[in-house]
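Asker: According to UniProt numbering, the sequence shown holds residues 1 to 219 in order. Just so it is clear, CB atoms sit at the ideal spot from N, CA and C, and this is done for glycine as well. Would you mind keeping the following structure in view while I ask a few things?
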Amino acid sequence: MAYKFVDNYREKGARKKLVRLLKDERQIEDTNVLDAIGRVPRHYFFDETFWNQAYRDIAFPIGEGQTISQPYTVAYQTQLLHIRKNDKVLEIGTGSGYQTCILLELGAEVYTIERQEKLFHRSKLFLNKMGYFPNFFLGDGSKGLSEHAPYDKILVTAGAPFVPEIMLKQLKVGGTMVIPVGDEKSQKMITVIRLNENDYERIELDTFRFVPLVGDQAW
Numbered sequence: 001m002a003y004k005f006v007d008n009y010r011e012k013g014a015r016k017k018l019v020r021l022l023k024d025e026r027q028i029e030d031t032n033v034l035d036a037i038g039r040v041p042r043h044y045f046f047d048e049t050f051w052n053q054a055y056r057d058i059a060f061p062i063g064e065g066q067t068i069s070q071p072y073t074v075a076y077q078t079q080l081l082h083i084r085k086n087d088k089v090l091e092i093g094t095g096s097g098y099q100t101c102i103l104l105e106l107g108a109e110v111y112t113i114e115r116q117e118k119l120f121h122r123s124k125l126f127l128n129k130m131g132y133f134p135n136f137f138l139g140d141g142s143k144g145l146s147e148h149a150p151y152d153k154i155l156v157t158a159g160a161p162f163v164p165e166i167m168l169k170q171l172k173v174g175g176t177m178v179i180p181v182g183d184e185k186s187q188k189m190i191t192v193i194r195l196n197e198n199d200y201e202r203i204e205l206d207t208f209r210f211v212p213l214v215g216d217q218a219w
């Protein structure tokens, strides 16, 4: 049975205000991404005590040393992917599942992997009860998910010390990876496009701060 969530006028109004902020002040231009953010009720991912924080443009703790990402960060990374309907997308770091829902709202076929067992089970149960059904996996996301490769897009939602070669090989030719790369304090957002079997184009963008990507091919 699906949860009976509260999504009253106040929450809908707050969500619209957040979308306007992302468009007007944060300069997110992809209307499909903005529409997806407008459809996913972010307060569902918070304890009711903290609903007043849900539509602020901030990250927020979700337990296990992880956070639900700042809406701007979610919009920024998603916009860089240029998701098209039925794109096969690998998400590294399920976390709360909020970013997963945005990808699904854009029509992607999502494969999402989480290393924290408690978060994995919690997010899987929660998203399924919300009516979202990505392909969930528990494991070391720093190695990607080779058994279901290749992917049109790969999104990494934690800060990596480098771009893992093993992940690049899981991209289709013409595919795009978005990954924050740097040290444990700050990372540059990197877009990598696979040009052919052996060549990649790498574009370095803005600075962010993510929780660290942990695993065999990371910290």
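Sorted by chain position, which residues of the same chain lie with C-beta nearer than 6 Å to C101's C-beta, five sequence neighbours on each side aside?
Answerer: Looking up residue 101 in the sequence shown gives position 101. Correct list, in chain order: V40 and Y132.
Asker: Please say whether Q99 and E64 have beta carbons closer to each other than 8 Å?
Answerer: By 1-based counting over the sequence shown, the position of residue 64 is 64. By 1-based counting over the sequence shown, the position of residue 99 is 99. No. Outside cutoff.
Asker: Quick one: which unbroken alpha helix (DSSP H) runs of 4-plus residues sit fully inside the stretch 24 to 93? Chain order, please.
Answerer: If we require 4 residues or more, the alpha helix (DSSP H) runs fully inside the stretch 24 to 93 come out as 31 to 39 and 71 to 81.
Asker: Do the CB positions of F208 and P180 come within less than 8 Å of each other?
Answerer: Looking up residue 208 in the sequence shown gives position 208. Looking up residue 180 in the sequence shown gives position 180. Result yes, Cβ atoms of F208 and P180 sit closer than 8 Å.
Asker: Would you decide whether V147 is buried or exposed? Buried here means 16 or more other CB atoms lie within 10 Å of its CB.
Answerer: Sequence index remark: in the sequence shown, residue 147 carries index 147 (1-based). For the record, residue 147 in the displayed sequence is Glu; it is not Val. It is exposed - the Cβ of E147 has fewer than 16 other Cβ atoms within 10 Å.
Asker: Using the DSSP secondary-structure output, state which residues sit across from E114 in a beta bridge.
Answerer: Reading the sequence shown from its first residue, position 114 is the one you call residue 114. Bridge partners of E114: L138.
Asker: Compare the C-alpha of D57 against each of K169, K85, K23 and E114 and name the closest.
Answerer: Here residue 57 refers to the residue found at position 57 of the sequence shown. With distances taken between Cα atoms, D57 lies closest to K23.
Asker: Can you check whether the CB of G38 is closer than 8 Å to the CB of D140?
Answerer: Translated into positions along the sequence shown, residue 140 becomes position 140. Translated into positions along the sequence shown, residue 38 becomes position 38. Result no, Cβ atoms of D140 and G38 do not sit closer than 8 Å.
Asker: Below 8 Å on the Cβ atoms is my guess for Y44 versus M130; work out the distance and round it to an integer in Å.
Answerer: As a position in the sequence shown, residue 44 is number 44, starting the count at 1. As a position in the sequence shown, residue 130 is number 130, starting the count at 1. So it is a contact: roughly 7 Å between Cβ atoms.
Asker: Label Q66 either buried or exposed according to how many other C-beta atoms from any shown protein chain fall within 10 Å of its C-beta, with 16 as the threshold for buried.
Answerer: Your numbering for residue 66 matches position 66 in the sequence shown. Under this definition Q66 is a buried residue.
Asker: Rank A14, V192, A158 and D199 by C-alpha distance to the C-alpha of D183 and give the top, closest one.
Answerer: As a first step, residue 183 is located in the sequence shown; it is residue number 183 there, counting from the start. Taking only the C-alpha atoms, the option nearest D183 is A158.
Asker: What are the start and end residues of the beta strand (DSSP E) that includes E204?
Answerer: Looking up residue 204 in the sequence shown gives position 204. Taken as a continuous stretch (DSSP letters only), the beta strand (DSSP E) holding E204 covers Y200 to F208.
Asker: Give me the Cα-Cα distance between L21 and N135, rounded to the nearest whole angstrom.
Answerer: Counted from its first residue, the sequence shown places residue 21 at position 21. Counted from its first residue, the sequence shown places residue 135 at position 135. In a straight line, the C-alpha of L21 is about 31 Å away from that of N135.
Asker: Taking 7 Å as the limit between beta carbons, can you name the residues of its chain near E105, skipping five residues before and five after?
Answerer: Counting from one through the sequence shown, the residue named residue 105 turns up at place 105. The residues are A36, R39 and V40.
Asker: Can you list, in chain order, the residues of its chain whose CB lies under 6 Å from that of K124, leaving out five sequence neighbours each side?
Answerer: Numbered from its first residue, the sequence shown carries residue 124 at position 124. Taken in chain order, the residues that qualify are F136.
Asker: Compare the beta carbon distance of G93 and E114 with 8 Å and say whether it is the shorter of the two.
Answerer: Sequence index remark: in the sequence shown, residue 93 carries index 93 (1-based). Sequence index remark: in the sequence shown, residue 114 carries index 114 (1-based). Yes, the pair counts as a contact, with Cβ atoms nearer than the cut-off.
Asker: Could you check which residue in I190, I203 and L171 has the C-alpha nearest to that of N196?
Answerer: In the sequence shown, counting from the first residue as 1, residue 196 sits at position 196. Considering only alpha carbons, the answer is L171.
Asker: Helix, strand or coil for Y151 per DSSP?
Answerer: Here residue 151 is taken as the residue at index 151 of the sequence shown, counted from 1. It is a strand residue.
Asker: Who pairs with L103 in a beta bridge, going by DSSP?
Answerer: Taking the sequence shown and counting its residues from 1, one reaches residue 103 at position 103. Beta-bridge pairing links L103 to no other residue.
Asker: Nearest-angstrom Cα distance between L80 and F50?
Answerer: Position 80 of the sequence shown, counted from the first residue, corresponds to residue 80. Position 50 of the sequence shown, counted from the first residue, corresponds to residue 50. Rounded to the nearest angstrom, the two C-alpha atoms are 30 Å apart.
Asker: Quick check on DSSP: helix, strand or coil for E109?
Answerer: For the purposes of this step, residue 109 is taken as residue 109 along the sequence shown, with counting starting at 1. E109 falls in the strand class under three-state DSSP.
Asker: Looking only at C-alpha atoms, which of D30, W219, G175 and A59 sits nearest to R202?
Answerer: Locating residue 202 in the sequence shown gives position 202, where the first residue counts as 1. Nearest option by C-alpha distance: G175.
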